[in-house]
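First up is the structure itself, then whatever we jot down about it.
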């Protein structure tokens with residue numbers, strides 16, 4: 001006869017598990033974004049219009065879109081650690097739709113022949129990429145740790161979103177220094193930063209969160 005299955009013995013071995021609190025990685029990522037911004041200001045300086053207390057309208061739009069995109073994508077990433085039925089985390093898609101307006105506008109303006117400093121200020125553009133990638137790497141760390149604690153059902157999707165979130169936050173940090181308001185420059189270099197970070201997230205993150 002087969003051995004009897006003792007359910008009570010299994011129950012005795014159970015231990016309560018602390019629920020995941022997504023606020024923790026979000027707060028850590030926010031703190032790292034503030035630190036990255038402070039480092040950018042320390043190394044590169046702040047935009048003159050911010051120092052004067054008169055920020056340009058294009059800067060406000062760019063900063064708002066980057067912060068909204070990074071925050072919404074980060075919120076979606078932390079939610080993926082605890083998947084549930086009926087809960088929608090699509091806010092990042094609307095933020096991404098707003099961000100896509102920059103490269104679209106850049107293409108339209110560039111077709112008129114007015115490319116502004118997009119190609120003449122290559123050094124600044126490369127700094128934008130570099131600082132965005134480094135800042136993104138820092139802000140991605142708490143999200144990756146959180147995903148490892150949870151059970152994301154799609155590691156690949158989590159990788160894309162982690163890269164997008166960290167890229168948005170890293171680009172926001174450099175944005176405080178970036179002196180250019182030209183739409184072609186913004187649409188080109190900031191889009192490249194987001195794309196590179198998203199690709200790196202897709203390539204690296206799934207390997208780090210699989211058990």
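In the UniProt record's numbering, the protein residues as written are 1 to 211.
Don't be surprised by glycine CBs; every beta carbon is placed ideally from N, CA and C.
Keep in mind the model is a prediction, meaning the values are calculated, not measured.
Note to self: So for residue 176, helix, strand or coil by DSSP?
What the structure shows: Numbered from its first residue, the chain shown carries residue 176 at position 176. The answer is coil: DSSP assigns residue 176 none of H, G, I, E or B.
Check: Contact check, residue 166 vs residue 197 under 8 Å by CB: the rounded distance?
Finding: Here residue 166 refers to the residue found at position 166 when the chain shown is read from its first residue. Here residue 197 refers to the residue found at position 197 when the chain shown is read from its first residue. Indeed they touch by this definition, with Cβ atoms about 6 Å apart.
Next item on the list: Step through the CB atoms of chain C and report whether any lies within less than 8 Å of the CB of residue 46.
Entry: No chain C appears in the structure shown, which is made up of a single protein chain.
Notebook entry, point to check: Are the stretch 134-151 and the stretch 118-126 in contact at 8 Å, needing three or more beta carbon pairs?
Noted result: no
Notebook entry, point to check: Taking just the CA atoms, how far does residue 207 sit from residue 103?
Noted result: Taking the chain shown and counting its residues from 1, the one referred to as residue 103 is at position 103. Taking the chain shown and counting its residues from 1, the one referred to as residue 207 is at position 207. Taking the straight line joining both Cα atoms gives about 31 Å.
Notebook entry, point to check: From which residue to which residue does the alpha helix (DSSP H) around residue 118 run?
Noted result: The count along the chain shown starts at 1 and reaches residue 118 at position 118. Careful: residue 118 lies outside any alpha helix (DSSP H) and carries neither H nor E.
Notebook entry, point to check: With a CB to CB cut of under 8 Å and the five nearest residues on each side skipped, what residues in its chain are close to residue 41?
Noted result: Numbered from 1 along the chain shown, position 41 holds the residue referred to as residue 41. Excluding the 5 residues flanking it on each side, residue 41 has same chain C-beta neighbours closer than 8 Å at 176 and 177, in chain order.
Check: Buried or exposed: residue 201, going by 16 or more other Cβ atoms within 10 Å of its Cβ?
Finding: In the chain shown, the residue the question calls residue 201 occupies position 201. Flag for residue 201 reads buried.
Next item on the list: Hey, could you find the ends of the alpha helix (DSSP H) residue 92 is sitting in?
Entry: On the chain shown, position 92 is the one that residue 92 refers to. Boundaries of the alpha helix (DSSP H) harbouring residue 92: 91-110, taken from the DSSP string.
Check: Which same chain residues, not among the five before or five after residue 148, have their C-beta less than 6 Å away from its C-beta?
Finding: Here residue 148 is taken as the residue at index 148 of the chain shown, counted from 1. For residue 148, where only same-chain residues beyond five positions count, the Cβ hits under 6 Å are 209.
Margin query: Tell me the residue span of the alpha helix (DSSP H) that contains residue 152.
Written below: One-based indexing of the chain shown puts residue 152 at position 152. Residue 152 -> no alpha helix (DSSP H), and no H or E assigned at all.
Note to self: Let me check understanding here. Comparing Cα to Cα, which of 97, 114 and 44 lies closest to residue 191?
What the structure shows: Walking along the chain shown from the start, residue 191 turns up at place 191. Checking every option, the nearest Cα to that of residue 191 belongs to 97.
Check: Quick one: what's got a C-beta closer than 6 Å to residue 32's C-beta in the same chain, skipping five residues either side?
Finding: Counting from 1 along the chain shown, the entry for residue 32 is found at position 32. Excluding residues within five positions, the ones whose Cβ falls inside 6 Å are 138 and 139.
Next item on the list: Pull up the distance between the alpha-carbon of residue 79 and that of residue 199, whole angstroms please.
Entry: Stepping through the chain shown from its first residue, residue 79 is reached at position 79. Stepping through the chain shown from its first residue, residue 199 is reached at position 199. Roughly 21 Å separates the two Cα atoms.
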